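Step one of this worksheet: look at the structure below.
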Amino acid sequence: MTGNEALAYGAYLSGVRVGSAYPGTPSTQIMEKFATFPGVRAEWAPNEKVAMDVGIGTAFAGTRALVSTKHVGLNVAADSLFYAVYTGLNAGLLIACADDPGMHSSQNEQDNRNYAKFAKVPMLEPSDSEEAKQFAAIALEMSEAFDTPVIVRFVTRTSHSSSVVDVDPAAAPPPAKEPKPYKREIEKFVMVPGYARRRHPVVEERIRKLKEYAESTPLNRIEPGSDALGIVASGAVYQYAREVFPEATFLRLGMVYPLPERLIREFAGKVKKVLVIEELDPFFEEHFRLLGIPVTGKEVFPIVGEFSPSLIRQAATKAGLLPAKDTGASPATALEIPIRPPILCPGCGHRAMFTVLKEANVAVMGDIGCYTLGAAAPLEALHFCGCMGASIGVDHGLAKGSVPDRHVAVIGDSTFFHSGLHPLINTLYNQGKTTTIIADNSTTGMTGHQQHPGTGYTLQKQPTVKVDLEQTVRGFGFGKVDVCDPHEMDRFRKILEDHLKFDGASVIIARRPCALQSKERKTPPRVDPDLCTNCGTCLDIGCSPLIQDEDCVSINEAMCTGCGVCVQICPAEAIVQEIQ
Amino acid sequence: MKKIDYLLAGVGGQGTILASRVLASAGLALGYDVKTAEVHGMAQRGGSVESHVRWGDKVYSPLVEHGMADYLIGFEMLEAARWLTYLNKDSVTLINRFRIPPPLVNLGKGRYPSEKEIETLLQSGGAKVRWLNATDIADKAGNQAMAGVVLLGALSNLVGGGQEIWLRVIKELVPARFVEMNQKAFLAGSDAGRG
Numbered sequence: 001m002t003g004n005e006a007l008a009y010g011a012y013l014s015g016v017r018v019g020s021a022y023p024g025t026p027s028t029q030i031m032e033k034f035a036t037f038p039g040v041r042a043e044w045a046p047n048e049k050v051a052m053d054v055g056i057g058t059a060f061a062g063t064r065a066l067v068s069t070k071h072v073g074l075n076v077a078a079d080s081l082f083y084a085v086y087t088g089l090n091a092g093l094l095i096a097c098a099d100d101p102g103m104h105s106s107q108n109e110q111d112n113r114n115y116a117k118f119a120k121v122p123m124l125e126p127s128d129s130e131e132a133k134q135f136a137a138i139a140l141e142m143s144e145a146f147d148t149p150v151i152v153r154f155v156t157r158t159s160h161s162s163s164v165v166d167v168d169p170a171a172a173p174p175p176a177k178e179p180k181p182y183k184r185e186i187e188k189f190v191m192v193p194g195y196a197r198r199r200h201p202v203v204e205e206r207i208r209k210l211k212e213y214a215e216s217t218p219l220n221r222i223e224p225g226s227d228a229l230g231i232v233a234s235g236a237v238y239q240y241a242r243e244v245f246p247e248a249t250f251l252r253l254g255m256v257y258p259l260p261e262r263l264i265r266e267f268a269g270k271v272k273k274v275l276v277i278e279e280l281d282p283f284f285e286e287h288f289r290l291l292g293i294p295v296t297g298k299e300v301f302p303i304v305g306e307f308s309p310s311l312i313r314q315a316a317t318k319a320g321l322l323p324a325k326d327t328g329a330s331p332a333t334a335l336e337i338p339i340r341p342p343i344l345c346p347g348c349g350h351r352a353m354f355t356v357l358k359e360a361n362v363a364v365m366g367d368i369g370c371y372t373l374g375a376a377a378p379l380e381a382l383h384f385c386g387c388m389g390a391s392i393g394v395d396h397g398l399a400k401g402s403v404p405d406r407h408v409a410v411i412g413d414s415t416f417f418h419s420g421l422h423p424l425i426n427t428l429y430n431q432g433k434t435t436t437i438i439a440d441n442s443t444t445g446m447t448g449h450q451q452h453p454g455t456g457y458t459l460q461k462q463p464t465v466k467v468d469l470e471q472t473v474r475g476f477g478f479g480k481v482d483v484c485d486p487h488e489m490d491r492f493r494k495i496l497e498d499h500l501k502f503d504g505a506s507v508i509i510a511r512r513p514c515a516l517q518s519k520e521r522k523t524p525p526r527v528d529p530d531l532c533t534n535c536g537t538c539l540d541i542g543c544s545p546l547i548q549d550e551d552c553v554s555i556n557e558a559m560c561t562g563c564g565v566c567v568q569i570c571p572a573e574a575i576v577q578e579i580q
Numbered sequence: 581m582k583k584i585d586y587l588l589a590g591v592g593g594q595g596t597i598l599a600s601r602v603l604a605s606a607g608l609a610l611g612y613d614v615k616t617a618e619v620h621g622m623a624q625r626g627g628s629v630e631s632h633v634r635w636g637d638k639v640y641s642p643l644v645e646h647g648m649a650d651y652l653i654g655f656e657m658l659e660a661a662r663w664l665t666y667l668n669k670d671s672v673t674l675i676n677r678f679r680i681p682p683p684l685v686n687l688g689k690g691r692y693p694s695e696k697e698i699e700t701l702l703q704s705g706g707a708k709v710r711w712l713n714a715t716d717i718a719d720k721a722g723n724q725a726m727a728g729v730v731l732l733g734a735l736s737n738l739v740g741g742g743q744e745i746w747l748r749v750i751k752e753l754v755p756a757r758f759v760e761m762n763q764k765a766f767l768a769g770s771d772a773g774r775g
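Taken in sequence, the protein lines are chains A and B.
Read in order, the letters of the first sequence correspond to residues 1 to 580 in our numbering.
Read in order, the letters of the second sequence correspond to residues 581 to 775 in our numbering.
Written out as structure tokens, the structure reads:
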């Protein structure tokens with residue numbers, strides 16, 4: 001099982017009955033897996049804040065709940081997390097949060113251990129899938145014992161690594177308890193200043209008690225070894241370090257906040273040198289230094305990027321902590337291997353959209369999703385991407401700044417439902433001139449085709465209300481709205497120019513179902529070698545089946561979906577497609 | 581301590597994830613502790629992807645160390661070459677003779693190395709290189725997308741485990757209507773690997 005699957009399994013076995021999340025790599029499969037268990041309600045929320053409020057509400061009502069998110073999703077949900085720490089809950093609330101060191105699929109590599117300290121919420125970190133399963137149960141017990149949400153932190157290499165998990169075929173969740181009658185506790189659950197002031201000391205006292213818990217929990221343990229070197233590590237990094245330093249004494253921290261002061265001092269007293277190995281921020285290291293314990297940490301291991309056993313070995317060897325030895329590794333050579341970044345799929349509607357936007361020479365404020373790949377060579381047709389939902393607000397600001405004309409915001413359908421609604425209303429309300437293009441592929445593409453409010457289906461595949469994009473934006477008061485298939489490039493060009501001339505905020509819905517989901521396949525076009533001048537125009541759209549040979553371009557028929565975009569842009573009319 | 585480390589390298593969408601799951605389950609069936617690591621999300625959109633699979637008595641890290649891969653399985657020629665530093669003098673590289681030129685090569689801004697150059701490169705530290713026309717074999721068995729299963733067939737000759745174990749694992753992991761076709765591809769890979 002992957003760590004994601006194991007966490008979901010552990011949550012299910014512990015009696016969690018409601019889960020809510022927004023998809024985000026590397027956390028997505030937590031809720032997808034949870035949704036498969038009998039008797040549970042699992043939902044995709046429009047965004048992480050909604051997911052957090054749903055989880056809080058469920059726990060408020062006395063039923064155990066699971067909320068899962070990627071690291072940056074916790075930024076979106078932070079407002080809710082912080083109040084829930086003050087109110088506490090009537091049942092366990094497990095928040096599974098996955099960081100992405102190395103940014104495999106993220107816009108930053110923030111270290112969410114800082115959230116534990118910031119929000120004053122306990123945080124656990126499993127180092128493999130079996131622990132992910134076990135920690136789910138422990139987190140829920142802890143949540144109820146201390147009346148607080150509990151975060152279980154993952155990184156990509158615990159979320160998406162598989163390891164052996166103990167599965168008892170007879171294991172089942174405890175029977176559902178009689179629901180507790182709803183009870184009004186206004187002073188605990190209404191966070192107006194007067195009541196919140198009374199809750200803050202409760203939060204501080206809770207953290208003090210959790211520190212005591214951290215001293216004795218088996219989640220934190222000293223693993224005896226040689227006294228020459230003592231290593232502090234948690235999560236995936238613990239596993240790497242175990243392999244690189246088989247002889248060392250370890251302080252293995254399964255609970256990363258709050259930290260156990262006495263256990264740390266006991267460990268430091270047992271070894272001659274303390275080495276802290278942690279990805280991203282010096283979170284443990286700073287704590288050790290506050291306690292006055294000398295440690296080696298970030299002067300040896302980097303603060304940026306993802307760790308691996310190789311990286312730890314190299315850094316430790318360089319610092320003289322390990323003897324230099326020849327691993328027998330093949331030496332890097334001078335042969336240049338061209339890089340292969342991710343690109344838009346063959347048949348993807350975003351390619352035609354970006355091709356038209358590039359021709360039109362407009363400033364394109366982008367957003368998070370597959371279409372962010374429009375920034376990559378050779379298209380290079382997306383000029384900004386910050387975070388989920390940023391495109392429309394940034395475009396509005398750009399226009400109010402010094403770029404009044406020829407600019408658009410591009411946002412996907414799932415991202416629009418996530419956080420595009422408010423900035424879109426803003427363009428109308430504040431007399432903006434933003435043309436918002438909703439690149440509607442009718443799914444959440446990048447994370448692997450999850451349902452959203454515009455798909456007409458729930459996570460558990462039940463048919464439901466399909467929130468209609470066009471009706472939604474017309475309902476806000478937009479008068480200028482067009483819907484268009486970007487593969488009809490001439491029509492899309494005309495609509496775009498019309499919107500750019502319009503003196504007001506407007507919306508274009510560029511609708512083309514995701515090419516990976518759509519079964520639509522047409523006969524691949526052929527290149528007429530007598531007509532092809534090998535000018536490279538078709539290659540500038542970055543479609544992988546198009547290959548430049550010596551004399552002309554050829555098309556890999558196995559990869560081509562027959563979308564016909566290259567046919568439309570070839571200046572020599574050398575690419576021809578049979579009409580079916 | 582006994583261990584076998586595998587690195588599977590390919591292009592997003594080529595099926596490295598399914599192959600790594602088959603390999604992991606085969607390891608478990610053979611009595612090993614097993615860990616794997618893979619990446620999802622953006623990396624799957626036609627970019628370079630790699631999966632780590634580790635068999636051993638006790639496996640800590642899911643990631644293979646540089647110079648420690650026993651087998652490098654290249655789903656695509658260039659992608660095999662990219663992971664050179666994971667090899668050592670005893671490693672075996674099993675490569676699909678199949679090219680997917682990256683966008684930069686298509687645009688004339690990069691050069692796709694020749695088969696000979698890739699072979700020389702991978703052998704530079706002493707590793708052995710075996711070629712297989714896995715995509716063609718998969719195509720003949722019913723679908724190009726099964727090239728990974730063909731490679732596993734050839735790999736099974738080298739790492740052992742009876743064919744019935746591998747065929748059972750494929751049956752467990754592949755959707756029912758594709759099982760027969762994938763088992764056929766596996767056996768064809770095994771035959772080709774012997775040839």
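Cβ coordinates follow ideal geometry from the N, Cα and C atoms, glycine included.
Keep in mind that this is a model prediction, so the values were computed, not measured.
Check	Outcome
Per-residue contacts from LEU701/B into chain A (C-beta, under 8 Å)	THR333, LEU335
Residue from GLU578/A, GLU43/A, THR533/A whose Cα sits closest to the Cα of CYS570/A	THR533/A
Cβ of THR156/A within 8 Å of any chain B Cβ	yes
MET255/A - DSSP class collapsed to helix/strand/coil	strand
Within 7 Å of chain B by C-beta, residues of the stretch 238–256 of chain A in sequence order	GLN239, TYR240, ARG242, GLU243
Inter-residue CB distance, LYS764/B and ALA727/B (contact presumed, cutoff 8 Å)	At roughly 13 Å, the Cβ-Cβ gap does not stay under 8 Å, so LYS764/B and ALA727/B are not in contact.
Boundaries of the alpha helix (DSSP H) in which ARG208/A is found, first to last residue	193–216
Unbroken beta strand (DSSP E) run spanning GLY19/A, endpoints	18–21
Any C-beta of chain A under 8 Å from that of ALA756/B	no
ILE745/B CB to nearest heavy atom of the ligand FAD below 7 Å	The ligand FAD is not part of this structure, which contains no ligands at all.
GLU744/B versus GLY590/B, ASP670/B, LEU610/B, residue with shortest Cα-Cα distance	LEU610/B
9 Å Cβ cut-off: residues of chain B touching CYS345/A	GLY593, ARG625, GLY626
Distance between beta carbons of ARG198/A and GLU187/A, contact taken as under 8 Å	7 Å
Length-filtered (3 minimum) beta strand (DSSP E) runs lying within the stretch 525–576 of chain A	546–548, 553–555
Coarse secondary structure for GLY435/A, derived from DSSP in three states	The amino acid occupying residue 435/A in the given sequence is Thr; Gly does not appear at that position. THR435/A falls in the strand class under three-state DSSP.
Coil, strand or helix - HIS383/A by DSSP	coil
Under the three-state DSSP convention, the category TYR651/B falls into	strand
Min CB distance GLN110/A to chain B below 8 Å	no
Buried or exposed by the 16-neighbour rule on C-beta atoms within 10 Å, applied to SER694/B	exposed
Beta-carbon spacing of ALA707/B, ASN668/B below 8 Å	yes
Short CB-CB distance (under 8 Å) between ARG662/B and chain A	yes
Beta-carbon proximity of THR444/A to PRO169/A, cut-off 8 Å	no
Whether THR372/A touches ALA409/A by CB criterion (8 Å)	no
Whole runs of the beta strand (DSSP E) within the stretch 9–81 of chain A, excluding any shorter than 3 residues	18–21, 41–44, 65–70
Run of the beta strand (DSSP E) containing ARG634/B, from where it starts to where it stops	628–636
Rounded separation between ILE675/B and GLY740/B - CA only	19 Å
Min CB distance ALA233/A to chain B below 8 Å	no
C-alpha gap between ASP128/A and ASP413/A, whole angstroms	35 Å
ARG493/A at chain B interface by Cβ criterion, 8 Å	no
C-alpha distance - GLU43/A paired with PHE37/A, whole-angstrom precision	13 Å
PRO682/B versus MET657/B: straight-line alpha-carbon distance, rounded	11 Å
Sub-8 Å separation of MET353/A and ALA439/A beta-carbons	yes
Assumed close pair LEU735/B, ILE653/B - CB separation to whole angstroms, cut-off 8 Å	6 Å
Neighbour-count burial assignment, ASP405/A, 16 or more Cβ in a 10 Å radius	exposed
Sub-8 Å separation of ALA779/B and LEU712/B beta-carbons	Within the shown structure, residues of chain B are numbered from 581 to 775, placing residue 779/B beyond reach of any answer.
Buried or exposed by the 16-neighbour rule on C-beta atoms within 10 Å, applied to VAL507/A	buried
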